[in-house]
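*Asks:*
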Amino acid sequence: MSNKKVWFVTGASKGLGRDLVKKLLAGGYRVAATSRNLDELRKIATDDNFLPLTMQLNDEASIAQALTDTVARFGRIDIVVNNAGYGLVGSLEELSDAEARSNFDINVFGTLNVIRKAMPYFRAQKSGHILNVSSIAGFNGRFPGFGIYCATKFAVDGFSESLAEEVKPFGVHVTIVSPGYFRTDFLTTGSLAQPAQPIADYQLVREAQALHVNEINHNQPGDPEKAADAIIQVSEAENPPVHLFLGEDAYNMVYAKIDAVKEEVEAWKTTTVGTGY
8 MSNKKVWFVT
18 GASKGLGRDL
28 VKKLLAGGYR
38 VAATSRNLDE
48 LRKIATDDNF
58 LPLTMQLNDE
68 ASIAQALTDT
78 VARFGRIDIV
88 VNNAGYGLVG
98 SLEELSDAEA
108 RSNFDINVFG
118 TLNVIRKAMP
128 YFRAQKSGHI
138 LNVSSIAGFN
148 GRFPGFGIYC
158 ATKFAVDGFS
168 ESLAEEVKPF
178 GVHVTIVSPG
188 YFRTDFLTTG
198 SLAQPAQPIA
208 DYQLVREAQA
218 LHVNEINHNQ
228 PGDPEKAADA
238 IIQVSEAENP
248 PVHLFLGEDA
258 YNMVYAKIDA
268 VKEEVEAWKT
278 TTVGTGY
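Here's what the structure looks like:
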């Protein structure tokens with residue numbers, strides 16, 4: 008059996024998760040891969056280093072069982088990749104409470120469920136690495152029509168930064184993986200939910216929606232296989248970053264946000280610092 012690290016990857020039946028799992032197996036790593044769709048997972052590989060598991064992110068017992076099964080098979084868990092999630096397009100006004108909460112249930116609370124169940128293993132062994140797949144939309148929110156999705160990813164970024172500080176004493180690392188546009192099925196039906204009750208007045212949102220679904224989809228500049236390579240590279244680093252942005256577009260959007268915030272902060276500095284006693 009391989010002595011390489013044991014990975015636990017959620018949302019592994021398609022997209023970046025699937026590419027990552029295939030790269031890991033080719034590199035001799037041991038991998039537990041989870042999805043709601045076990046049949047799709049089983050198509051990835053059949054070798055002894057691969058454990059496909061069905062798991063529901065909104066079911067803590069299901070998550071606990073998947074982690075138990077992974078340890079039973081491979082003896083330990085070294086790296087958890089929270090990759091499962093889905094996109095949601097629609098203005099804040101037109102998306103219902105149920106639509107918004109469903110996106111948070113998977114993208115935010117599903118990830119938190121996995122972290123809560125994985126941390127006892129990492130604390131016990133005094134090592135581990137949690138990689139939370141966020142998005143450039145978790146750092147720069149200027150995407151009309153993606154407000155709720157951005158909010159879920161901003162939440163992931165926020166709790167991941169806190170988590171990184173909380174788990175340092177246990178020798179555990181946390182990395183936020185924030186891709187730009189990568190050529191996966193993320194913008195296709197099944198991965199991108201659309202509003203049940205669209206409001207005609209939101210022309211800007213409809214244009215953004217059409218652009219993403221009809222033009223950006225399958226024309227994204229990022230190569231998911233190279234993203235998988237980057238994630239593996241970071242996992243082997245002695246001091247991995249808390250923030251890993253992937254894609255030249257993401258790099259540029261990071262600085263667009265930083266520069267815009269700096270400009271506003273300086274423009275309003277007198278007001279800001281003038282509020283003390």
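The sequence shown runs 8 to 284 under the numbering used here. Cβ atoms here follow ideal geometry from the backbone N, Cα and C, with glycine treated the same way.
#1: What is the C-beta distance between residue 161 and residue 145, in whole angstroms, given that I count them as a contact (C-beta under 8 Å)?
#2: I need the boundaries of the beta strand (DSSP E) containing residue 37, first residue and last residue.
#3: For the alpha helix (DSSP H) that contains residue 165, what are its first and last residues?
#4: With distance defined between alpha-carbon atoms, name the residue in 266, 45 and 19 nearest to residue 140.
#5: If you count every other CB in all the chains shown that lies within 10 Å of the CB of residue 99, and 16 or more means buried, which is it?
#6: Of the residues 12, 188, 270 and 123, which one's Cα is nearest the Cα of residue 253?
#7: Can you find at least 3 beta carbon pairs, one from the stretch 17-32 and one from the stretch 84-93, that sit closer than 8 Å?
#8: Count the C-beta pairs between the stretch 96-114 and the stretch 66-76 that are closer than 8 Å, then say yes if the count reaches three, no if not.
#9: Residue 58: buried (16+ other C-beta within 10 angstroms of its C-beta) or exposed?
#10: Which one of 81, 67, 43 and 97 has the shortest CA to CA distance from residue 208?
#11: If I'm right that residue 101 touches residue 204 with Cβ under 8 Å, what's the distance once you round it to whole angstroms?
#12: Spatial neighbours of residue 115 within its chain, please: CB distance less than 6 Å, with the 5 preceding and 5 following residues excluded, ordered by chain position.
#13: Hey, out of 80, 183 and 178, whose CA is closest to residue 132's CA?
#14: From what residue to what residue does the beta strand (DSSP E) around residue 135 run?
#15: Just how far apart, CA to CA, sit residue 112 and residue 276?
#16: Less than 9 Å between the beta carbons of residue 134 and residue 164, yes or no?
#17: In this structure, how does DSSP classify residue 92 when only helix, strand and coil are distinguished?
*Replies:* The short version:
#1: 5 Å
#2: 37-42
#3: 154-174
#4: 19
#5: exposed
#6: 188
#7: yes
#8: no
#9: buried
#10: 97
#11: 6 Å
#12: 159 and 162
#13: 178
#14: 135-140
#15: 38 Å
#16: no
#17: coil
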